[in-house]
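Asks: Numbering (the UniProt record's numbering), first residue to last: 1 to 174.
All C-beta atoms, glycine included, are put in the ideal place defined by N, C-alpha and C.
As the structure is a prediction and not an experimental result, all values here were calculated from the model.
One structure, as C-alpha cells, below. Some questions next.
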C-alpha cells in the first residue's frame, strides 16, 4: 500500500490491478476527478486479479511492485499509473518487464537504477502478496477497482464497468 497526500485529509483507498481494463478506466476517471476533489488522501493498493501461477494474458504483479518502488523513491505515483496503463492498453507493451517498468519509473521522477534493483531483487514482492490476500481473501472483493473511505465502499462487480458518474457521486457523498 502507498499513500499519496493531498492538501486536506479525507481518506480514500483505491484497490486496483494494472492489467484490468476496468481499472484502467476507473483510475483514469479518478485521477481526473481528483482535480475537483483535491482534499482526498489516496492510498493506492495494487493487486493482481490473476497472480502467478494462475494463467493471465499479462501478469501485473511486477507493475504493482514498481508502483511501490516509485512511491518509495519519491516519484509521482499518479503519473506512473497513467504511464503503465498507457504502455499496456495503448502501446501494447509488456508490463511484466522490469526494464520497461524502471524506464517508466524514471519518467515519473524515480531513479531508474534503484527501481530496477528493487524489482530484480523482489523487494516489494511480499507487499504484493499481502495486497492480494487483503483484496481477495480478507475483503473478498468480487472485482476491482474498488474505492473505500471510512465505512463507505464503492465496489466493482465482475464484468461491470463503474461509470465516471458513479465514482463522482461516491466522492461527492464523502
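(1) What residue range does the alpha helix (DSSP H) around residue 121 cover?
(2) Please determine, among 13, 80 and 152, the residue with the shortest C-alpha to C-alpha distance to residue 108.
(3) Leaving out five residues on either side along the sequence, give the residues of the same chain with a beta carbon under 6 angstroms from the beta carbon of residue 164.
(4) Between which two residues does the alpha helix (DSSP H) carrying residue 104 extend?
(5) Could you check if residue 105 is buried or exposed, using at least 16 other CB atoms within 10 Å of its CB as the buried criterion?
(6) If you run the structure through DSSP and keep just helix, strand and coil, what is residue 93?
(7) DSSP three-state call for residue 66: helix, strand or coil?
(8) Going by CA-CA distance only, name the one from 49, 66 and 65 that's closest to residue 58.
(9) What's the C-alpha gap between residue 12 and residue 153?
(10) What does DSSP give as the partner residue(s) for residue 37 in the beta ladder?
(11) Quick one: any contact between the region 18-33 and the region 68-76, if contact means 3 or more CB pairs under 8 angstroms?
(12) Do you know whose CA, among 102, 143 and 55, lies nearest residue 67's CA?
(13) For the beta strand (DSSP E) containing residue 153, list its first residue and its last residue.
(14) Out of 171, 55 and 157, state which residue places its alpha-carbon closest to the alpha-carbon of residue 143.
(15) Tell me the residue span of the beta strand (DSSP E) that contains residue 144.
(16) Spatial neighbours of residue 166 within its chain, please: C-beta separation below 6 angstroms, excluding the five flanking residues on both sides.
(17) Report back the beta-carbon spacing between residue 84 and residue 42 to the nearest angstrom; my notes put them in contact at under 8 angstroms.
(18) Quick check on the DSSP output: the alpha helix (DSSP H) that includes residue 165 runs from which residue to which?
Replies: Per the coordinate set shown:
(1) Element bounds for residue 121: 112-121.
(2) The residue with the shortest Cα to Cα distance from residue 108 is 80.
(3) Only 29 meet the Cβ criterion.
(4) Secondary structure note for residue 104: its alpha helix (DSSP H) is the uninterrupted segment 98-107.
(5) Label assigned to residue 105: buried.
(6) Reduced to three states, the DSSP call for residue 93 is coil.
(7) DSSP, reduced to helix, strand and coil, places residue 66 within a helical segment of the structure shown.
(8) Ranking the options by Cα distance to residue 58, first place goes to 49.
(9) Rounded to the nearest angstrom, the two C-alpha atoms are 10 angstroms apart.
(10) In the DSSP output, where bridge partners are listed per residue, residue 37 has none listed.
(11) No contact exists between the region 18-33 and the region 68-76.
(12) The option with the nearest alpha carbon to residue 67 is 102.
(13) Counting along the chain, residue 153 sits inside the beta strand (DSSP E) bounded by residues 152-156.
(14) Ranking 171, 55 and 157 by Cα distance to residue 143 puts 157 first.
(15) 143-149 is the extent of the beta strand (DSSP E) around residue 144.
(16) For residue 166, where only same-chain residues beyond five positions count, there are no Cβ hits under 6 angstroms.
(17) Going by Cβ atoms, the distance from residue 84 to residue 42 rounds to 16 angstroms, so no, they are not a contact pair.
(18) 164-173 is the span of the alpha helix (DSSP H), which, as asked, contains residue 165.
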